[in-house]
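To start, the structure under review is shown below, and the notes come after it.
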Ligand SMILES: [Zn+2]
């Protein structure tokens, strides 16, 4: 299990990126919305989409969930 967060700020393409704790591309702490612990990025992104419909996995730490 790992902790996941979603960036409160959208990227230039409108996506809110989901990161696994420890990723070097994590946003500043003020811009992190905690998603809790998940076994993989899939349930983390699903949870993030309840807040941000455009949530998407980070290309580096959540490549399996990175779509755009
Ligand atoms: Zn990441």
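Numbering (the numbering used here), first residue to last: 68 to 135.
The C-beta atom is built at its ideal place from N, Cα and C for all residues, glycine as well.
Count the other CB atoms within 10 Å of the CB of residue i; is the residue buried (16 or more) or exposed (fewer)?
i, result
"residue 57", "Only positions 68 to 135 of the chain appear in the structure, and residue 57 is not among them; the question remains open."
"residue 84", "buried"
"residue 76", "exposed"
"residue 74", "buried"
"residue 119", "buried"
Would you say residue i touches ligand 1, meaning its beta carbon is less than 8 Å from a heavy atom?
i, result
"residue 119", "no"
"residue 125", "yes"
"residue 75", "no"
"residue 87", "yes"
For residue i, which residues from the same chain have a beta carbon less than 7 Å from its beta carbon, with the 5 sequence-adjacent residues on both sides left out?
i, result
"residue 113", "none"
At the 9 Å Cβ level, is residue i part of the contact set with chain C, yes or no?
i, result
"residue 129", "Looking for chain C here will not work: only one protein chain is present."
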